[in-house]
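Protein chains in written order, with this note's numbering: chain C, 22 to 326; chain A, 22 to 326. Glycine residues also receive a C-beta, built at the ideal position from the N, C-alpha and C atoms. Given the structure is predicted, the values throughout are model-derived calculations rather than measurements.
There are 2 protein chains.
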Amino acid sequence: MSFFLKILGCGSATPTSWTNPSSQFLNMEERYFLIDCGEGTQSALRKNKIGFKKIDNIFITHLHGDHFFGLVGLLSTLSLLDRKKDLHVYSPKGLKEIIVTQFRISKTYLSYFIHFHEISTDRPVVVLDDIKLTVKAIPLKHRIETYGYLFEEKLKERKLNIDVVKSINVETCDYRNIKLGKNYVKDNGEIIENSTLTFDPPKPLKYAYCSDTAYNPDLTEWIKGIDLLYHESTFLEEHSNLAKKTGHSTAKEAAMIAEKAEVGNLLLGHFSARYKDRSVFLDEAKPYFYKTELASESKEICFKN
Amino acid sequence: MSFFLKILGCGSATPTSWTNPSSQFLNMEERYFLIDCGEGTQSALRKNKIGFKKIDNIFITHLHGDHFFGLVGLLSTLSLLDRKKDLHVYSPKGLKEIIVTQFRISKTYLSYFIHFHEISTDRPVVVLDDIKLTVKAIPLKHRIETYGYLFEEKLKERKLNIDVVKSINVETCDYRNIKLGKNYVKDNGEIIENSTLTFDPPKPLKYAYCSDTAYNPDLTEWIKGIDLLYHESTFLEEHSNLAKKTGHSTAKEAAMIAEKAEVGNLLLGHFSARYKDRSVFLDEAKPYFYKTELASESKEICFKN
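Right under this line is the structure:
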């Protein structure tokens with residue numbers, strides 16, 4: 022169980038010299054996801070030597086420009102690169118119309134098919150479910166309809182304790198049931214507990230991307246105990262009035278969410294361009310949640326169990 | 022008479038590590054123009070310390086993404102910066118629908134008004150005319166409707182030869198007519214030729230931006246004798262089949278246009294990402310038009326008369 026996260030941009034609405042607007046690349050169980058796609062994401066992918074073609078699923082949180090203005094360019098480039106595989110794009114309603122309008126007017130015909138999954142829900146809903154993981158959309162509180170995304174690895178089969186299994190002559194055809202957690206019954210009727218025959222599988226990893234959102238304690242039950250939380254902190258407490266007005270969070274609020282949700286680690290981002298030195302976000306958050314880090318362009322985070 | 026050109030991007034459709042897609046900033050007679058606005062133009066403006074707010078007119082050549090995908094982000098940012106002045110955007114038909122669709126769906130309300138000037142013409146037409154200059158849209162030959170733009174300073178008044186004017190006691194109230202080119206009639210009926218009384222004004226400067234276009238000799242009469250021509254050269258002659266197929270020009274063809282049009286200088290750009298070393302474009306063009314330069318990101322060009 023492992024995932025790899027690369028920050029492609031962690032700024033907010035106005036462009037800065039030190040980062041692109043929101044975008045992240047996530048590799049979980051060899052599934053390659055793009056989360057948000059602000060302007061410049063294509064260049065950031067190229068700069069970080071991440072192949073465009075391997076991305077099959079793109080998750081857009083909401084339709085404010087700093088989260089999706091880079092998407093139409095990326096979709097065009099994928100066609101210029103002669104992509105053939107279908108692509109899946111998840112977002113609130115409206116993105117399909119935006120993209121299709123541009124391609125219609127510019128007479129662009131793509132080399133591949135896009136499935137637009139337009140989400141509408143007031144509670145977490147699974148939007149992608151495959152053999153290795155699920156992705157849930159989580160409603161956030163912002164000025165317009167916005168969804169966070171929760172990426173959860175699935176529990177793997179139990180691992181055989183091969184020495185024990187062989188010592189009691191278990192038939193190979195029974196391995197499958199034992200890996201699935203069943204006890205083993207010997208020919209003489211003796212029951213061997215599964216816990217004797219197997220080891221626990223590694224704990225599945227969980228990552229949630231929550232941006233943009235106002236402070237929302239309801240969120241905590243949906244992300245309880247996850248390994249890593251990316252939570253926006255557009256402002257500091259000194260601008261909490263602006264945070265409230267614009268549907269954003271302060272660094273302290275993000276840390277309080279992390280603490281209440283008992284997450285493993287907190288990653289802050291979506292910083293307002295008004296703060297020239299981002300270390301102030303860390304200073305504000307750490308007293309409330311010690312295991313906090315700041316996102317920065319091209320930063321990499323790896324988790325492994 | 023002077024103009025200042027800053028290259029913000031000179032790549033073509035697929036993103037590269039060495040340049041943004043098409044965009045240029047032009048200061049002519051203290052009018053500030055943006056020509057094309059590929060993805061990343063905002064960042065390039067910021068990087069080059071060009072104030073966003075001074076730009077009042079944006080010229081988009083056509084609706085292929087590498088020429089306009091950065092526009093919606095720039096328009097949004099101008100609103101976040103609380104612009105109040107009207108903005109004028111010139112383009113082929115369709116851009117207004119693209120922009121308005123995005124703002125409608127993302128519930129974005131701008132702080133300023135945009136005048137969309139959607140052009141439709143098969144011959145050069147003046148799209149902007151003020152006291153100091155004119156801008157003409159010039160039809161180009163591409164896969165979709167495309168316009169180049171010709172920026173022309175207006176002729177200034179003649180300059181008084183003040184020594185001569187004073188020596189024959191011309192009244193101040195006659196200065197205006199003399200500056201406009203009229204002869205002067207002395208009280209005794211003697212006619213003083215204007216050429217004796219004045220110096221020629223500086224020659225107005227002219228700049229044309231022609232991208233994207235196939236080789237089109239018809240263009241030459243419209244840009245005859247201009248000081249600087251930016252002409253696309255997406256390909257080299259070795260890929261002339263691709264140039265023909267995609268409605269682009271080779272470096273040789275761009276140089277032939279410059280030579281036929283008897284322009285002062287040629288600037289090549291819109292280079293395909295397939296050529297890692299751009300000096301090959303110069304090698305191909307120079308035998309046909311010696312005064313050729315290559316565009317490159319952040320390059321500056323100044324003309325003064």
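Neighbourhood of residue i by C-beta, 7 Å cutoff - its chain only, sequence neighbours within 5 removed
{"i": "Pro-225 of chain C", "result": "Met-22, Glu-173, Glu-174, Lys-175 and Leu-176"}
{"i": "Thr-142 of chain A", "result": "Ala-158 and Pro-160"}
Under 8 Å between C-beta atoms of residue i and residue j
{"i": "Leu-29 of chain A", "j": "Leu-47 of chain A", "result": "no"}
{"i": "Thr-267 of chain A", "j": "Gly-169 of chain A", "result": "no"}
{"i": "Ser-127 of chain C", "j": "Gly-86 of chain A", "result": "yes"}
{"i": "Leu-257 of chain C", "j": "Leu-287 of chain C", "result": "no"}
{"i": "Val-148 of chain C", "j": "Tyr-111 of chain C", "result": "yes"}
{"i": "Cys-31 of chain A", "j": "Ser-317 of chain A", "result": "yes"}
{"i": "Gly-246 of chain A", "j": "Glu-214 of chain A", "result": "no"}
{"i": "Ala-235 of chain A", "j": "His-252 of chain A", "result": "no"}
{"i": "Glu-60 of chain C", "j": "Gly-94 of chain A", "result": "yes"}
{"i": "Phe-73 of chain C", "j": "Leu-102 of chain C", "result": "yes"}
{"i": "His-291 of chain C", "j": "Ser-43 of chain C", "result": "yes"}
{"i": "Phe-324 of chain A", "j": "Phe-24 of chain A", "result": "yes"}
{"i": "Tyr-230 of chain C", "j": "Ile-79 of chain C", "result": "no"}
{"i": "Phe-333 of chain A", "j": "Lys-117 of chain A", "result": "The shown model of chain A, from 22 to 326, leaves out residue 333 of chain A, and the question about it has no answer."}
{"i": "Ala-272 of chain C", "j": "Ser-254 of chain C", "result": "yes"}
{"i": "Thr-62 of chain C", "j": "Thr-122 of chain A", "result": "no"}
{"i": "Pro-238 of chain C", "j": "Lys-265 of chain C", "result": "no"}
Alpha-carbon to alpha-carbon, residue j and residue i
{"i": "Leu-315 of chain C", "j": "Ser-300 of chain C", "result": "8 Å"}
{"i": "Ile-120 of chain C", "j": "Ile-159 of chain C", "result": "23 Å"}
{"i": "Thr-129 of chain A", "j": "Leu-96 of chain A", "result": "11 Å"}
{"i": "Leu-171 of chain A", "j": "Ile-212 of chain A", "result": "40 Å"}
{"i": "Phe-310 of chain A", "j": "Trp-243 of chain A", "result": "18 Å"}
{"i": "Asn-204 of chain C", "j": "Tyr-53 of chain C", "result": "37 Å"}
{"i": "Arg-295 of chain A", "j": "Ser-33 of chain C", "result": "33 Å"}
{"i": "Lys-207 of chain A", "j": "Pro-223 of chain A", "result": "28 Å"}
{"i": "Ser-132 of chain C", "j": "Lys-106 of chain C", "result": "9 Å"}
{"i": "Ser-100 of chain A", "j": "Leu-303 of chain C", "result": "30 Å"}
{"i": "Phe-90 of chain C", "j": "His-163 of chain C", "result": "18 Å"}
{"i": "Pro-36 of chain A", "j": "Lys-70 of chain A", "result": "23 Å"}
{"i": "Met-49 of chain A", "j": "Tyr-228 of chain A", "result": "9 Å"}
{"i": "Leu-92 of chain C", "j": "Gly-202 of chain C", "result": "44 Å"}
{"i": "Lys-68 of chain A", "j": "Leu-240 of chain A", "result": "34 Å"}
{"i": "Ser-216 of chain C", "j": "Ile-140 of chain C", "result": "41 Å"}
{"i": "Glu-11 of chain C", "j": "Glu-178 of chain C", "result": "Since the first residue shown for chain C is 22 and the last is 326, residue 11 of chain C is missing from the structure and cannot be characterised."}
{"i": "Ile-183 of chain A", "j": "His-269 of chain A", "result": "52 Å"}
Amino acids of chain A, ordered along the chain, whose beta-carbon sits closer than 7 Å to that of residue i
{"i": "Ala-34 of chain C", "result": "Leu-101"}
{"i": "Gly-268 of chain C", "result": "Neighbours of Gly-268 of chain C on chain A: none; closest Cβ ~12 Å, over 7 Å."}
{"i": "Arg-67 of chain C", "result": "Pro-36 and Ser-38"}
{"i": "Gly-94 of chain C", "result": "Glu-60, Gly-86 and Phe-90"}
Listed by chain order, chain C residues near residue i by CB distance under 7 Å
{"i": "Leu-84 of chain A", "result": "Ile-126 and Ser-127"}
{"i": "Gly-91 of chain A", "result": "Glu-60"}
{"i": "Glu-118 of chain A", "result": "Thr-122 and Ile-126"}
{"i": "Gly-115 of chain A", "result": "Ile-126"}
Neighbourhood of residue i by C-beta distance below 6 Å, restricted to the same chain and skipping five residues each side
{"i": "Met-277 of chain A", "result": "Tyr-309"}
{"i": "Lys-312 of chain C", "result": "Asn-286"}
{"i": "Lys-157 of chain C", "result": "Pro-145, Val-147 and Leu-171"}
{"i": "Gly-115 of chain A", "result": "Leu-84"}
{"i": "Glu-166 of chain A", "result": "Pro-113"}
{"i": "Glu-274 of chain A", "result": "Tyr-236"}
{"i": "Thr-155 of chain A", "result": "Val-147 and Glu-173"}
{"i": "Thr-40 of chain A", "result": "Gly-30, Cys-31, Gly-32 and Glu-318"}
{"i": "Phe-124 of chain A", "result": "none"}
{"i": "Ile-76 of chain A", "result": "Tyr-53 and Leu-55"}
Listed by chain order, chain C residues near residue i by CB distance under 8 Å
{"i": "Thr-98 of chain A", "result": "Ala-34, Thr-35 and Pro-36"}
Close beta carbons around residue i, own chain, < 8 Å, minus the five adjacent residues each side
{"i": "Ile-152 of chain C", "result": "Lys-175"}
{"i": "Val-186 of chain C", "result": "Tyr-196, Ile-199 and Leu-218"}
Where residue i meets chain A, residues with beta-carbon distance less than 8 Å
{"i": "Ile-165 of chain C", "result": "Ser-127 and Lys-128"}
Any alpha helix (DSSP H) of 4 or more consecutive residues that is wholly inside the region 229-283 of chain A: Segments of the alpha helix (DSSP H) lying fully in the region 229-283 of chain A: 261-267 and 272-281.
Contact set between the region 49-63 of chain A and chain E, restricted to residues whose Cβ is under 7 Å from the partner: Reference to chain E is not applicable here, since the protein chains of this structure are C and A.
Contiguous alpha helix (DSSP H) assignments of at least 4 residues, all confined to the region 30-109 of chain C: 62-68 and 92-101
Ordered list of beta strand (DSSP E) runs contained in the region 112-173 of chain A, each at least 3 residues: 135-140, 146-150 and 154-161
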